[in-house]
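Q: Add 14 to the 1-based position in the sequence shown for the working numbering, that's all there is to it. Ideal placement from N, C-alpha and C gives every residue a C-beta, glycine not left out. Computed from a predicted structure; not experimentally measured.
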Amino acid sequence: MYKLLFILLFIYSCSDDNSLDNQEQDIEPSSSIRGYVLDASDNPIANADVYITYDMPNYENGRPTTSIELALASNSFVRVWVEDECGDLIIELVEQQMEAGYHSMTWNASDTNGKKVLDGTYIVTFTADDFQQQMRLALFSIKGNYEGCDLEQYPAGCVTIATTNSDGYFEFPQDCLSFGYSFTMTDEHGNEIGDYTIPRTLRIFVESEAGNKLTDLFDVDIDNGAEVSIQLDD
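1. Would you give the residue range spanned by the beta strand (DSSP E) that Val131 belongs to?
2. Could you tell me whether the segment 55 to 67 touches the segment 80 to 100, where touching means 3 or more Cβ pairs closer than 8 Å?
3. Helix or strand or just coil, what does DSSP make of Ile244?
4. Quick check on DSSP: helix, strand or coil for Ser118?
5. Buried or exposed for Gln110, going by 16 or more other Cβ atoms inside 10 Å?
6. I need the boundaries of the beta strand (DSSP E) containing Ile310, first residue and last residue.
7. Taking C-alpha atoms, which residue in Met112, Cys190, Ile105 and His117 lies nearest to Ser124?
8. Counting only the same chain and skipping the five closest in sequence on each side, list residues whose C-beta sits under 6 Å from that of Ile156.
9. With a threshold of 7 Å (Cβ to nearest heavy atom), would Tyr136 be considered close to the ligand GDP?
10. Using a threshold of 8 Å, state whether the C-beta atoms of Ile175 and Met119 are closer than that.
11. Compute the Euclidean distance between the alpha carbons of Asn127 and Ala170, then round it to the nearest angstrom.
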């Protein structure tokens with residue numbers, strides 16, 4: 015029997031009863047999250063990078079990496095890859111013949127281009143010959159003390175969900191966001207600390223030459239989305 019085990023640092027895993035079917039997938043929202051980024055004098059901020067994060071318990075900060083352990087009963091051709099909630103490939107971690115036994119690999123929460131991925135949930139797929147298993151990882155790195163994309167750790171930069179235009183306007187859909195996902199939280203030692211369901215609320219982090227700002231939580235309506243105006247401080 016093959017096993018796919020997750021040892022998580024600053025990433026929270028699913029319990030066995032939280033399968034890929036345990037999601038709010040019967041409703042497909044289409045309305046967007048949109049708004050403007052302005053400076054302290056109400057002037058639009060162009061080319062501001064927009065990131066999102068969710069309403070999550072305030073855990074201690076840690077490195078946004080995860081170790082994935084594989085237990086192979088026999089020599090097998092193994093693939094391990096990560097997709098977002100829309101099924102788009104984020105990164106291929108393994109694609110090679112592997113010997114029977116235990117193997118470990120690390121994902122540093124970057125995509126194929128080396129950019130740090132957005133906060134949210136990701137689907138990890140493991141195949142060994144004809145066997146396949148899927149699990150979700152939930153990654154949350156933007157906390158109250160977040161200062162922006164860490165170019166020392168991610169020289170290629172960070173994935174944004176939107177960038178403002180010349181009017182300071184941004185917009186992005188909510189179809190592929192992680193609302194309604196339920197999972198069992200674990201601490202940095204892998205101990206279960208309770209169940210949690212991601213509510214329909216977001217925070218936006220704006221990063222620009224004019225300054226950075228993390229918004230308060232705001233509600234996202236399933237039909238009407240949300241409109242938010244973000245004003246940078248002096």
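A: Inspection of the coordinates gives the following:
1. Careful: Val131 lies outside any beta strand (DSSP E) and carries neither H nor E.
2. Because the criterion of three Cβ pairs below 8 Å is not met, the segment 55 to 67 and the segment 80 to 100 do not touch.
3. Note: Ile244 maps to strand in three-state DSSP.
4. Here Ser118 sits in strand by DSSP.
5. When all chains shown are included, Gln110 counts as exposed.
6. The structure shown does not extend to residue 310, since the chain is modelled only from 15 through 248, so no value can be given for it.
7. Measuring from the Cα of Ser124, the nearest candidate turns out to be Ile105.
8. Counting only Cβ-Cβ distances below 6 Å, and skipping sequence neighbours, we find Thr67, Asp133 and Phe219.
9. As for the ligand GDP, it is missing from this structure, which has no ligand bound.
10. No, the pair does not count as a contact, with Cβ atoms beyond the cut-off.
11. Their backbone Cα atoms lie some 7 Å apart in a straight line.
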